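Okay, structure first, notes after.
4 protein chains.
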Amino acid sequence: MTRLKMGMVGGGTGSFIGDVHRKAASIDGMIDMVCGAFSSNKEKSISSAKTLGIPDDRAYGSFEEMIIAEAKLPAHQQMDFVAIVTPNHMHYPPAKMALEYGFHVICDKPLSLTLDEAIELEKTVQSSGKIFALTHNYTGYPMVKQAKAMIHKGDLGAIRKINVHYLQGWLSTAVEKTGQKQAAWRTDPKRSGIGGALGDIGTHAENLIEYITGIQIEELAADLTAFGEGRILDDDGNILLRFENGAKGIMSFSQIATGEENNIGVKVYGTKGSIEWYQENPNQLIVKWLDQPKQIYTPAGNGVYPESSEYVRIPAGHPEGYLEGFATIYRSFAKELLMVKSGKTTSVNPDFPTITDGVRGMKFIYAAVESSNNNANWTKM
Amino acid sequence: MTRLKMGMVGGGTGSFIGDVHRKAASIDGMIDMVCGAFSSNKEKSISSAKTLGIPDDRAYGSFEEMIIAEAKLPAHQQMDFVAIVTPNHMHYPPAKMALEYGFHVICDKPLSLTLDEAIELEKTVQSSGKIFALTHNYTGYPMVKQAKAMIHKGDLGAIRKINVHYLQGWLSTAVEKTGQKQAAWRTDPKRSGIGGALGDIGTHAENLIEYITGIQIEELAADLTAFGEGRILDDDGNILLRFENGAKGIMSFSQIATGEENNIGVKVYGTKGSIEWYQENPNQLIVKWLDQPKQIYTPAGNGVYPESSEYVRIPAGHPEGYLEGFATIYRSFAKELLMVKSGKTTSVNPDFPTITDGVRGMKFIYAAVESSNNNANWTKM
Amino acid sequence: MTRLKMGMVGGGTGSFIGDVHRKAASIDGMIDMVCGAFSSNKEKSISSAKTLGIPDDRAYGSFEEMIIAEAKLPAHQQMDFVAIVTPNHMHYPPAKMALEYGFHVICDKPLSLTLDEAIELEKTVQSSGKIFALTHNYTGYPMVKQAKAMIHKGDLGAIRKINVHYLQGWLSTAVEKTGQKQAAWRTDPKRSGIGGALGDIGTHAENLIEYITGIQIEELAADLTAFGEGRILDDDGNILLRFENGAKGIMSFSQIATGEENNIGVKVYGTKGSIEWYQENPNQLIVKWLDQPKQIYTPAGNGVYPESSEYVRIPAGHPEGYLEGFATIYRSFAKELLMVKSGKTTSVNPDFPTITDGVRGMKFIYAAVESSNNNANWTKM
Amino acid sequence: MTRLKMGMVGGGTGSFIGDVHRKAASIDGMIDMVCGAFSSNKEKSISSAKTLGIPDDRAYGSFEEMIIAEAKLPAHQQMDFVAIVTPNHMHYPPAKMALEYGFHVICDKPLSLTLDEAIELEKTVQSSGKIFALTHNYTGYPMVKQAKAMIHKGDLGAIRKINVHYLQGWLSTAVEKTGQKQAAWRTDPKRSGIGGALGDIGTHAENLIEYITGIQIEELAADLTAFGEGRILDDDGNILLRFENGAKGIMSFSQIATGEENNIGVKVYGTKGSIEWYQENPNQLIVKWLDQPKQIYTPAGNGVYPESSEYVRIPAGHPEGYLEGFATIYRSFAKELLMVKSGKTTSVNPDFPTITDGVRGMKFIYAAVESSNNNANWTKM
């Protein structure tokens, strides 16, 4: 089997999400990292490359340098796609340039710094004909796939209520003032954009419910707060949701929810049944029925749909986690690329988040901020 | 020990909540039911009385008849207090009359059909000098007491986020059209008032968070919905909350949350830690800390405060349930009455919900309905 | 409805289990306590009686005094049955005498101090024609009834594996030397018999699995240990089990399992499915199937058999606890007595533990001690 | 960083455990698979190699061929170590030969077909001076490391009780007769050895408790059963345990525990506290204390020791699973190899299971079978 070649933008030594992307890309044995612009400082980039087993001449000091240099390499050597794992403000520039130079792109979320960038990038993706994936990784969990399949098949009946939360506590104190890099850029509008926790985790919550239900948020009423002293961007938010099909719901997210680690969870209620899923215990899907006992589905367990079980790597009872969910995005992306390389048409609806999801995420950020600025007025998304 | 004598209004054969009140009143051996107006039909009232071991001459055909007759009995025979377990529209009339005739009152929630009644009743309680308790029973659970004590002592630091939900699914279908009495009156504005699920369970959620935190809701933005075909009253609601101390929060309640039984739960986040409690698994309180591992407190377990453990009846690991929590309201109420009877002053802050809580519950209903009618505008409570 | 009259042996002020029996007897409104020999010291007995609302002249200084005096009262005044809530060595004497004087008996477990007493008592019950119940209260939980019904109906197929544990930590330190009365008598062979934790909680475990499965233990290999310094009786035990139908299993019990509160749980595996139940979270029954997703049954919830739901007092989602389970034994016992009083024949298989269960419990204690004394040799039960 | 080169024995297309080993080896980016004897049929081996990205000339038709050929390659090309992922009977031959040819070895468990082989192999490891790791992967979970560290530091006090279970249901029916390859060899003594479930999962349970506690089993009394019709090897077992320090315990394992997926769990009780861990929910460690509330530790969460947190790859709340635990064995093994290659002395106590653990596992199998054949007589291990 041909293995795909990845070039990375960002993800130098000490990076959290860069390392996640690399591990995720490696799990299924379809992808090799061959080059990277791991830092905007070339020496640091080379230094990171050494620890990652990348030769010096494939370690670049900027994404521009990397894209130009790789484009000149023979086809069998050059990278196939770019993985972008930088802070938000550095998503759009490398993504756009990579696409324009003919490389496929997989990019961390949210899509971009501004909505304008997002819309512009969508056009570029369309005109380029290249594959673009956004790593809303929570969609990669098998039990999320199962929930999606059950709703899609109508098992829960008509959907009427959708509640989602994403609660973290790591910004409960002013860690951004202690030199913590993750906190520093996430609380800085220049690098994060107009959403704080909203952009960082609210967009995951938004993507998760639209992915699972296939139903779009129509309008929202948001109450965003910056509890941390001196913070410009929100670190907490509560949002009323109205969906295109008449369903109602609620979203609560926070990075000052003291004691929470990474608690994203969702409940969806239909006329016949409901589902519940919690990321910190991801290998169970709770299903409650109108007239049957509650059920617990597990990956590769009894009664799970093929739409879910095809994403399971190991037998029932052997838990998969965050990295495997993340890896599923990479694997699905890689399969698309292999189809393209082999001349086959790609899927019309690939099972990973695309540029369309990215644009929706940015619209969500903008609608929520606008609503909150207007004292939680209903705002179309 | 003197036992107190209870007269009941409502609670005839087949009643759900009347039976709960009776069991709750009996558990601690402080109260005997001696009479009742179990039905507005005297024959039915007598028939219920027979099965309950009440003599025919203490079974009345109306609350007026009961109050007048009992008032004429010698002091050592007459009832000490009235327990009101009727639908909402029949709370105010017997409560007011009982107080005016010198009887103490314990009443089911919400307090009354209208806010005007609530305010009027508050005056009557004050002028009568009698004890009035409202059975917001969820405040009776030991772990709720523990949460309250921890927050009151400042263990969690300053409170910043308060989320509460109360999810049931029993009105997912149109059971009110099938002759189900519980559903019939709860969906009927004449008997329920202007709130449907809002009044029935939303008020429990409101009371629970104000009880636990000691912090009042200042304003709210409510999105109420009647999903059930032909329903006039809400069967679902989502509410943004702002609290007097600057905390923010969210409430979601529903009676069309298919598959949910009686899922009321609360999360409170402070600067130092947070608590989580779920009624369906009431014997654990989850406490998450800024810098210590998560803890699970249990009734009578290690580290529990006296403010909680005094409400536990049995050793650690022996679960108590709904009836015991309910019984705690009755026991605290009974202790107050015994103090009154023995000439002692009553507690300034008795540890059971009072008329004040009842009025707040009605204000909550009115504010939420007003807000929802104005498309979720912020409304003061 | 006629209410039954209870006389109590033991259960004076400060008693744990006496208070539990009283609350359990009161919950369903079928039983009034009318007299008691609460202490072998008459003054103390009277003092206890006062706090319990029992007139002085019905407070006795010994069970003999009580039984003789009550037997002389007019039938409509005298107690209907005796509740025995004393330490083990004081079960047999009052039980035997009460039966011989024509009173029904409900008795705490284990049945008696010695196996000889148990066998003798069984004869007395049979010759007396009176009702005898043993408070193996864990059989009173609705989810235990559901498990029993499912196995009885064959839902799980042929039973092959039965594991049970009962883990407590309250004897992890030498509390019996600190004046703790519960610990003092339980670690004293004169009052406890030849089993320590074995008799106190091992018998509950034994009764629970035989009750749920309807299958008897045939032989066992026991390894009992007294970890506590200076303890004569076991405070910990592990037992291999072989059942009459060929099933195998294991029992582990302990009172030195540090940090455990009252953790009794059971797993039963059949050819088609399996059940799991844990007393500390008693309102769920976990059912795992050969070829269907795992289910969670709840009291009064979807899909529960009538054999279980008839024991539920409140709607689904409203948790019941230890006292309600205990009360179920009293209620079933009371129903039998009312049938007897009304001249009807009693049930052939009443749904509460009987003298037969009591004798089996004593045989279990004796077999386990014998096995352990023989280095865990297989011993018939 | 130098990457290590792996050659695999077994693990051809359709293999479960081979694929697990490959994914586990790849996650941390330290190892590349460079060759394999994926099947004893050379064509099949080449076919597997193709899908795995291995060139044809490094796909061998037998382990002998691979070892001989690789040994002749230049040092910078040849494999560094052999990973053995075959059924039990094919562990010893390739392991011994690889060691003798100077290759390090990582091998699936149990160590070998017979105890004699195990003892022989231990000698070979010692004389070869090569690194040998056994993939008792459950020791790789961060919360298992935390449990081990807590016990080692004395946090729980003196250990008195150790219970372990490993319950699966996949052999509840006669799947070995349906062509299922995993079941076929595991139920065949020629390929599995004298233990069935005992060898397959009982050894995991044995290793887990000895690893966590650092205390060895001294003797055991085992009751093994073959419930499946026609099965020669046990598919279920219950074992009494006595430990070298006087602790007692129990083990229950089964592959006919209908409905169980991969339920391995352990409870360890000391004089000061206790721990509980369950593999199906691996990211929490429950710690119960003598005199403090229960705690839940999580990977990278508050209060976790460095001995645990160094094995965590992602921030708190991002669950890791089976593959990451498995990968930890590979990573620790790889670190040892890198030290050897760089001329440094290896760890005296490397933190992965070694040949010593392998021999103990075989002794456990032999002791348990001997005990069971003698009607559960106590047998030294």
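These protein sequences, in sequence, are chains A, E, U and W.
Just so it is clear: in the first sequence, position 205 is 193 by the working numbering, and no numbers are missing.
Just so it is clear: in the second sequence, position 243 is 231 by the working numbering, and no numbers are missing.
Just so it is clear: in the third sequence, position 255 is 243 by the working numbering, and no numbers are missing.
Just so it is clear: in the fourth sequence, position 188 is 176 by the working numbering, and no numbers are missing.
Think of the CB as a built atom: it goes at the ideal place given N, C-alpha and C, for glycine as much as any other residue.
These figures come from a predicted structure and were not determined experimentally.
Just the chain U side, please: which residues come within less than 7 Å of Gln283/A by C-beta, in chain order?
Position 295 of the first sequence, counted from the start, is the residue given in the question as residue 283/A. Residues of chain U passing the Cβ test: Pro281, Lys282, Gln283.
Does the beta-carbon distance from Glu248/U to Lys323/W come in below 8 Å?
For this step, residue 248/U is matched to residue 260 along the third sequence. For this step, residue 323/W is matched to residue 335 along the fourth sequence. Against a cut-off of 8 Å, the Cβ pair of Lys323/W and Glu248/U comes out as no contact.
Quick one, are the C-beta atoms of Lys282/A and Gln134/U less than 8 Å apart?
For the purposes of this step, residue 282/A is taken as the residue at position 294 of the first sequence. For the purposes of this step, residue 134/U is taken as the residue at position 146 of the third sequence. Not closer than 8 Å, so no.
Return helix, strand or coil for Met(-6)/U, following the three-state DSSP convention.
As a first step, residue -6/U must be located in the third sequence, where it is residue number 6. Reduced to three states, the DSSP call for Met(-6)/U is strand.
Check whether the Cβ of Asn151/W lies closer than 8 Å to any Cβ atom in chain E.
On the fourth sequence, residue 151/W is found 163 positions in, with the first residue counted as 1. No, because no Cβ of chain E sits closer than 8 Å to the Cβ of Asn151/W.
Return the residues of the segment 269 to 280 of chain E that lie within a Cβ-Cβ distance of less than 7 Å from chain A, sorted by chain order.
Residues Lys276, Trp277, Leu278.
Per DSSP, which one or two residues make a beta bridge with Asp20/E?
Reading the second sequence from its first residue, position 32 is the one you call residue 20/E. For Asp20/E, which the question treats as bridged, DSSP gives the partners Lys(-7)/E.
Consider the Cβ of Ile107/W: report whether some Cβ of chain U lies at a distance smaller than 8 Å.
Working through the fourth sequence from its first residue, we reach residue 107/W at position 119. With 8 Å as the cut-off, Ile107/W does not count as an interface residue toward chain U.
Between Asn226/E and chain W, is the shortest Cβ-Cβ distance under 8 Å, so that the two count as touching?
Here residue 226/E refers to the residue found at position 238 of the second sequence. Judged by the 8 Å Cβ criterion, Asn226/E is not in contact with chain W.
If you measure between the beta carbons of Leu186/E and Lys351/E, is that distance less than 8 Å?
Mapped onto the second sequence, residue 186/E falls at position 198. Mapped onto the second sequence, residue 351/E falls at position 363. No, Cβ-Cβ distance for Leu186/E and Lys351/E is not below 8 Å.
Please report the straight-line C-alpha distance between Ser262/U and Val256/U, rounded to a whole angstrom.
Taking the third sequence and counting its residues from 1, one reaches residue 262/U at position 274. Taking the third sequence and counting its residues from 1, one reaches residue 256/U at position 268. Straight-line Cα distance between these residues: approximately 5 Å.
Mind checking whether Asn76/E and Arg230/E have CB atoms under 8 Å apart?
As a position in the second sequence, residue 76/E is number 88, starting the count at 1. As a position in the second sequence, residue 230/E is number 242, starting the count at 1. Not a contact, by the Cβ cut-off of 8 Å.
Exposed or buried, what is Lys11/W when buried is set at 16 or more other beta-carbons lying within 10 Å of its beta-carbon?
Position 23 of the fourth sequence, counting from 1, holds the residue named residue 11/W. Buried is the call here.
Just the Cα atoms here: how many angstroms apart are Val70/A and Ser50/A?
For the purposes of this step, residue 70/A is taken as residue 82 along the first sequence, with counting starting at 1. For the purposes of this step, residue 50/A is taken as residue 62 along the first sequence, with counting starting at 1. Cα-Cα distance, rounded: 13 Å.
If you draw a straight line from the alpha carbon of Ser27/A to that of Gly(-5)/A, how long is it in whole angstroms?
Residue numbering aside, residue 27/A sits at position 39 when the first sequence is read from its first letter. Residue numbering aside, residue -5/A sits at position 7 when the first sequence is read from its first letter. Looking at the two C-alpha atoms, the distance is approximately 13 Å.
Between Asp44/U and Thr333/E, what straight-line distance do the alpha-carbon atoms span, to the nearest angstrom?
In the third sequence, the residue the question calls residue 44/U occupies position 56. In the second sequence, the residue the question calls residue 333/E occupies position 345. Whole-angstrom Cα-Cα distance: 30 Å.
Can you tell me where the alpha helix (DSSP H) holding Lys111/W begins and where it ends?
Translated into the one-based positions of the fourth sequence, residue 111/W becomes position 123. Taken as a continuous stretch (DSSP letters only), the alpha helix (DSSP H) holding Lys111/W covers 103 to 116.
Run through DSSP, which three-state label would Glu207/E get?
As a working mapping, residue 207/E is identified with position 219 in the second sequence. Glu207/E falls in the strand class under three-state DSSP.
Contact criterion: CB-CB distance below 8 Å. Does Arg148/A meet it with respect to chain E?
Counting from 1 along the first sequence, the entry for residue 148/A is found at position 160. True, the Cβ-Cβ gap to chain E drops below 8 Å.
Could you name the residues of chain U that Gly309/E contacts, counting a contact when the two beta carbons are closer than 9 Å?
Walking along the second sequence from the start, residue 309/E turns up at place 321. Ordered by position in chain U, the residues that pass the 9 Å Cβ test against Gly309/E are Pro270, Asn271, Ile302, His306, Pro307, Glu308, Gly309, Tyr310, Leu311, Glu312.
Have a look at Asn271/A, Ser242/A, Leu87/A and flag the residue whose alpha-carbon is nearest the alpha-carbon of Thr191/A.
If you number the first sequence from 1, residue 191/A lands on position 203. Among Asn271/A, Ser242/A, Leu87/A, the Cα nearest to that of Thr191/A belongs to Ser242/A.
Please decide whether Gly291/E counts as near chain W, where near means a Cβ-Cβ distance under 8 Å.
Position 303 of the second sequence, counted from the start, is the residue given in the question as residue 291/E. Taking Cβ atoms only, chain W reaches closer than 8 Å to Gly291/E, which makes this a yes.
I think Thr390/W touches Leu87/W, with their Cβ atoms under 8 Å apart; what is that distance to the nearest whole Å?
Beyond the ends of chain W as shown, which are -11 and 369, falls residue 390/W; an answer cannot be given.
Counting only Cβ pairs nearer than 8 Å, list the residues of chain U close to Lys11/E.
As a first step, residue 11/E is located in the second sequence; it is residue number 23 there, counting from the start. Those within 8 Å of Lys11/E in chain U are Ile15, Asp16, Gly17, Arg301.
So is Trp366/A in contact with chain C if we call contact Cβ pairs under 8 Å?
This model lacks chain C altogether; the protein chains it does include are A, E, U and W.
Indicate whether Leu61/W and Tyr80/W have their beta-carbon atoms separated by less than 8 Å.
Indexing the fourth sequence from 1 puts residue 61/W at position 73. Indexing the fourth sequence from 1 puts residue 80/W at position 92. The answer is no: Cβ separation not under 8 Å.
Does DSSP put Leu229/E in a helix, a strand or coil?
Position 241 of the second sequence holds residue 229/E. Leu229/E falls in the strand class under three-state DSSP.
State the beta-bridge partners of Lys149/U as determined by DSSP.
Within the third sequence, the letter at position 161 stands for residue 149/U. Bridge partners of Lys149/U: Lys236/U, Tyr257/U.
Measuring only the C-alpha atoms, how far is Thr161/W from Ile244/W?
Here the question's residue 161/W lines up with position 173 in the fourth sequence. Here the question's residue 244/W lines up with position 256 in the fourth sequence. Cα to Cα, the separation comes out at about 8 Å.
Looking at the strands, I want to know which residues DSSP matches up with Glu264/W.
As a position in the fourth sequence, residue 264/W is number 276, starting the count at 1. BP columns for Glu264/W point to Lys255/W, Ile274/W.
I'd like to know whether the C-beta of Gly41/U is nearer than 8 Å to at least one C-beta of chain E.
Counting from 1 along the third sequence, the entry for residue 41/U is found at position 53. Yes, contact with chain E.
Please return the same chain residues whose Cβ sits closer than 6 Å to the Cβ of Tyr299/A, not counting the five positions on each side in sequence.
What you label residue 299/A is simply residue 311 of the first sequence in a count that begins at 1. Taken in chain order, the residues that qualify are Pro130, Lys133, Thr316.
Can you give the beta carbon distance from Asn251/U to Leu155/U, rounded, assuming they're within the 8 Å contact cut?
Here the question's residue 251/U lines up with position 263 in the third sequence. Here the question's residue 155/U lines up with position 167 in the third sequence. Indeed they touch by this definition, with Cβ atoms about 4 Å apart.
Taking Ala355/W as the reference, give the member of Arg319/W, Ile227/W, Ile238/W, Leu273/W with the closest Cα.
For the purposes of this step, residue 355/W is identified with residue 367 of the fourth sequence, where counting begins at 1. Ala355/W has its Cα closest to that of Ile227/W, out of Arg319/W, Ile227/W, Ile238/W, Leu273/W.
Measure from the C-beta of Glu164/A to each C-beta in chain E and report whether the shortest distance is under 8 Å.
Taking the first sequence and counting its residues from 1, the one referred to as residue 164/A is at position 176. Cβ-Cβ to chain E under 8 Å: no for Glu164/A.
Starting from Tyr354/E, follow the alpha helix (DSSP H) in both directions and report where the run begins and ends.
Within the second sequence, numbered from 1, the residue matching residue 354/E stands at position 366. First-last of the alpha helix (DSSP H) with Tyr354/E: 343 to 361.
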